[in-house]
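Numbering (the UniProt record's numbering), first residue to last: 1 to 712. Positions of the beta carbon are idealized from the N, C-alpha and C atoms, including for glycine. Keep in mind it's a predicted model, so treat the numbers as computed, not measured.
Pasting the structure below:
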C-alpha cells in the first residue's frame, strides 16, 4: 500500500517505547504503511517564542517494521506448528518511527515531549509532506521525489551548498547520477562550477547541454590535462611558477635520486637565467630545461678532458648555451668580469652551475635520466611556459570539466592542487580587494574520487589535501564551496569530511565507511545507518543544511549524460565478437581493392599501404585502424589533382579527428598530433580505398606521375 494523498483514519497507536525523537506503534493490520513512509501524531507543544501550548502534527518516518506472533513462537516444535491453525492476520505488526519534527510559522522544530502512549498515529498526507519539506522558489533545487511518495517532489536548499557537500555511495549506487543532477540544478541557478574528473566521466555532459533548454548549449566546457584526451582547451600550468623539487616529484623522480634532482634544479635555474638574459620566455618551459641539460652533459664531457674543473665546465656550458640561444651569454654574464666573479655575484646562477657539475662530473647518466623524466612530463602537454588564463577555467553560468583521465596519480594530485589553489586565491583576492588574479562570483568545486586527493595524513601525503581542508574550513567566507564525491568516506581525511555538513548518502555496505559517515555527521542516527545497505540504486538520504529536515529521496532522471555507468558484459563481449568478424571482412575487402588498384594482390594489408601511400604503420596501429572502421564513423575524400586523401574519424566518445594522407609526398598528418602514421590517418586511407576513391592521377604530358609509376 502506498501513502495516500489524504490523512483520514489512523493507521496505528503509540503502544511502546516513546521518546521525543522516536516512538513505537502498533499498526492496523488493514492499513499497513510501507517502510520509509511518513506518519504523524498530534500532541501539545510550546513552540520557541510562544507562551502557550498549541496542538501540532509531529511528523515521523517509519524506519523499522516487524511482525510479532501471537500464541506461537519459533521455539515451538515443528509437529506442533504444523498442526496449528493460524489464520492470516493473527500476528501483530509493530513499527518504529523516527521523529522529524513539526512545522510552526514556516520553521521546523523538534518536539520537547514524547508522544503520549495511546496517541493515534495517522498516515501523513501528501499536502503535509509538501509543506514540511518545502523550499522557497529562489533556493529550490529539484533533485527527485520522496522514496515512499513519488508524487511529492524532493527539493534541496541552494543555501545549504555554502556549508559544503559530500556525496557518498558504494560503487554502482548512483553517486555520479546524484552529482550530475546537482550540477544541472546549480547550472539553472547560474552557478560557476569546476569539476575535477579523474576518469573523464563528466566530459559527456558537453554533448547534451542543449537538453537543459535555450541558452544552455555552451554551458559545459571541457579542459584537458593531457593533450591526447578529450577536451576543448588544453589546461596549462606554468613551469616557472613551480619549484625544482616540486617539478622533480611530479615527474616521478625518486626522492633518493639526488643527482637527478640536482640536474633538474640546475637546469631550471639556468633556463630561467637564459630567459632573463635573452628575453625569450620559451626557455622557461620544459623544452628549455631539456636544452640546458643536454648542453650541461656535453659541457661536462669537455671539462673532464680539460682537468675536471668547475670553471671550465661553466665556461663550456655558457658557450654551448650561447650557440643554442644565438646569443653570447658568457659575455652577457661576464660584462667585463671574470667567470669566477660571475658565479660569486649571481648566487642563483652559480648554485645552478655547481649543482649541475656535481651531478655530472662523475658520469652523465643522471643527465640522461633527467631528460627522460622531463620529456615524459612534457609529452603530457599540461606543463608549459604560461598558465591558462583564469577566464578559461571560471565563467559565470558554466560548468568547466577538467579531464584528468590518463594521468599518473602524482600529476592528477598536483593539477588538483593547482586548480583548487587558483580558485580559492582568486575568490580571496576579490573579497579582500587585493590585486592579482581574481574572480567576482562564488564558485562550486566538485571533486570526483575525493579520497584520492584528500586522504588522512596518516595514510598518504598529497598536495591537494591541505588546500581542500582550507576550502572546507574557510571557503564559505570567500565564496568557494566544495562538493566531494567518494565511495570510500573512511579514506577521506576526517578533518575535511567533518566540514562537509551537507551529505547526500546513497547505498553504503562497508561498515568502516558507515562509521566514517556517522562520525562526520551528528544527524546520521544508527537506525538511518542500518537502512543504508537496503537502499536501491538512485535512492539517497540527505542530511544537514541541504534539506529542511533529513529526507529520503529517489533521484529524478538526469538530463545530462555521463560515461560512468556500468557496462553490460553480455553486450560488450557479443560486440567484441561482432567487431572481430567485421575487422576480418574489412581486411579482406581492402586487400581485394588494393589488388585492383595495384594490378596484383599484395601479400598483406601493410604492404598494400606501403605501395599505395608509402605508409608503414606498426601492426597494432593497423589493427586499431581496422577497429575504427568497424566501430566508428570514418569519412574520406580524394583529390586527384594533388593526390591527397582527406578525412575525419568521429569516435563514439564524441571526439573528431581530421587526417590527411598525401600520396604524392608519402606523408600523413592528423589533428591528434602524432608525427607517425596514426590509426586515424590509416583508417581514413582505408576508407578511401574501400570506397573506390583512389585512382592513378591524371597523366601530365603523356607521362604518369613519378610517385605512382614507381609502384606499377
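Spatial neighbours of residue 514 in its own chain (CB-CB distance under 7 Å, excluding positions within 5 residues in sequence) are listed in chain order as 508, 529, 532. Rounded to the nearest angstrom, the Cβ distance from residue 350 to residue 293 is 18 Å, too far for a contact under 8 Å. 488 is the residue among 94, 488, 310 whose C-alpha sits nearest the C-alpha of residue 168. A straight line joining the alpha-carbon of residue 407 with that of residue 26 spans about 58 Å. The beta-carbon distance between residue 263 and residue 141, rounded to whole angstroms, is 53 Å. This is too long to meet the 8 Å contact definition.
Listed as beta-bridge partners of residue 223 by DSSP are 233, 402. In the three-state DSSP reduction, residue 552 falls in the strand class (E or B).
Taking residue 48 as reference, the option from 101, 28, 86, 18 with the minimal CA-CA separation is 101. Per DSSP, residue 157 is one residue of the beta strand (DSSP E) stretching across 153-157.
Each residue's CA atom was taken as its position, placing residue 189 and residue 427 some 19 Å apart.
The straight-line gap separating the alpha-carbon atoms of residue 641 and residue 669 is approximately 19 Å. Residue 143 sits in a strand when the DSSP states are folded into three classes. Taking 7 Å as the cut-off, the Cβ atoms of residue 295 and residue 320 count as close.
For residue 647, the pairing in a beta bridge is given by DSSP as 636, 659. Within the DSSP secondary-structure output, residue 109 pairs in a beta bridge with 102. Between residue 506 and residue 173, the gap from beta carbon to beta carbon is short of 7 Å.
According to DSSP, residue 667 shares a beta bridge with 662. Contact annotation: residue 202 and residue 195 have beta-carbon atoms nearer than 7 Å. DSSP, reduced to helix, strand and coil, places residue 57 within a strand of the structure shown.
With fewer than 16 neighbouring CB atoms inside 10 Å of its own CB, residue 536 falls in the exposed class. In this structure residue 59 does not touch residue 94 by the C-beta definition: roughly 20 Å separates them, more than the 8 Å allowed.
Counting along the chain, residue 168 sits inside the beta strand (DSSP E) bounded by residues 165-168.
Each residue's CA atom was taken as its position, placing residue 615 and residue 232 some 30 Å apart. No Cβ-Cβ contact shorter than 7 Å links residue 198 with residue 376. Setting aside the 5 residues that flank it on each side, residue 191 is surrounded in the same chain by 444, each with a C-beta closer than 6 Å to its C-beta; the list follows chain order.
Residue state for residue 23 is assigned as strand, using DSSP reduced to three classes. Runs of the beta strand (DSSP E) spanning 3 or more residues and lying entirely within the region 467-509 occur at 480-486, 502-505, in chain order. If you draw a straight line from the Cα of residue 268 to the Cα of residue 229, it is about 28 Å long. Annotation: the continuous beta strand (DSSP E) that includes residue 193 extends over 192-197.
Cβ neighbours of residue 13 within its own chain (closer than 8 Å, five residues either side excluded): 25, 26, 118, 119, 120, 121. Counting only runs that start and end inside the region 30-74, the beta strand (DSSP E) elements of at least 3 residues fall at 38-45, 54-68. Here residue 599 is exposed. Its C-beta has fewer than 16 other C-beta atoms within 10 Å.
Secondary structure at residue 254: coil, using DSSP grouped into helix, strand and coil.
Around the CB of residue 55, fewer than 16 other CB atoms lie within 10 Å, so the residue is classed as exposed. Sorting 540, 379, 33 by C-alpha distance to the C-alpha of residue 674 places 379 at the top.
Here residue 434 is exposed, its C-beta having fewer than 16 other C-beta atoms within 10 Å.
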